[in-house]
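Q:
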Amino acid sequence: MPRDRFIDDIHCLTGVPRHRRMNVPPMPSAHLFVNLGRLVRLWDCGPSVPPAACTDGWFMGVWTRCFLSEYPARVRVVGVRFKPWGLSPFTGLPAAGPRDRWVPADAVWPRSVDRIRNQAGEAASATGTPRVLEAELRSRLAGVPPRGLGLVRHACGRLEASHGAVPVGTLADAAGVSGNHLAAQFKSHVGVIRSGWRGSTASRD
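Residues in the sequence shown are numbered consecutively from 1, following our numbering.
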């Protein structure tokens, strides 16, 4: 599994949750959750956004504000935490699409949630359930990486290594692209761009 390229971890939450209600801070990465148990509820901090009742599965893009999650008395959820650029190779979605949104998994992967739920029910273990989801991810991984993904991965690697201290112009110059092009690729593959990126220039697009 190319976790080192696209995924940070696959995890499973089972049993009685320590806290049924949790305030979740902004998240710098996209997620997939498959609910194998009872209803999970999600509330956005924005009053205009209706709450979500999640019985099956849902994708979440990069989240730029807080939200509230409420789990049932007993929970069974398996999830994927993608790297900031890791969603599009498995879904074909531009990352800006599900940013600050909950998207039903079946709207992205038709009929996959029922298959995952059925196979996870047969596995019925803390190790078997993530393996079921990992197999689904393998089957969904695009053979050819989306255009611009390599540029974003390289820039993100430099940002991580420097704790965000690399100037935008340096990143663009090193890649041989303009700041606008780099910003557009970040918006497509990560869903957000750093403040001040637009208008930065380099040698070529």
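In this text, a Cβ means the ideal position worked out from N, Cα and C, and glycines have one as well.
1) I'd like to know if the segment 84–95 and the segment 3–12 are in contact, where contact means that at least 3 CB-CB pairs between them fall below 8 Å.
2) Leaving out five residues on either side along the sequence, give the residues of the same chain with a beta carbon under 8 Å from the beta carbon of residue 166.
3) Write down every uninterrupted run of the alpha helix (DSSP H) in the segment 66–108 whose length is 4 residues or greater and which is fully enclosed by it, in chain order.
4) Got a sec, what are the start and stop residues for the beta strand (DSSP E) residue 24 sits in?
5) With a CB to CB cut of under 8 Å and the five nearest residues on each side skipped, what residues in its chain are close to residue 150?
6) By the DSSP assignment, the beta strand (DSSP E) with residue 14 in it spans what residues?
7) Using the rule of at least 16 other Cβ atoms within 10 Å of the residue's Cβ for burial, across every protein chain shown, is residue 130 buried or exposed?
8) Return the residue from the list 137, 118, 69 that minimises the CA-CA distance to residue 45.
A: Here's the rundown:
1) As far as the Cβ criterion goes, the segment 84–95 touches the segment 3–12, which means the pair count is three or higher.
2) Within the same chain, Cβ atoms closer than 8 Å to the Cβ of residue 166 are found at 158, 159, the five residues on either side in sequence being excluded.
3) Uninterrupted alpha helix (DSSP H) stretches at least 4 residues long and entirely within the segment 66–108 occur at 88–91, 105–108, given in chain order.
4) 21–24 is the extent of the beta strand (DSSP E) around residue 24.
5) If we look at residue 150 and ignore the five residues flanking it on each side, it has no Cβ neighbours.
6) For residue 14, the enclosing beta strand (DSSP E) begins and ends at 7–15.
7) Under the 10 Å beta carbon count, residue 130 is surrounded by 16 or more other beta carbons and is classified as buried.
8) Residue 69 is the option with its Cα nearest to residue 45.
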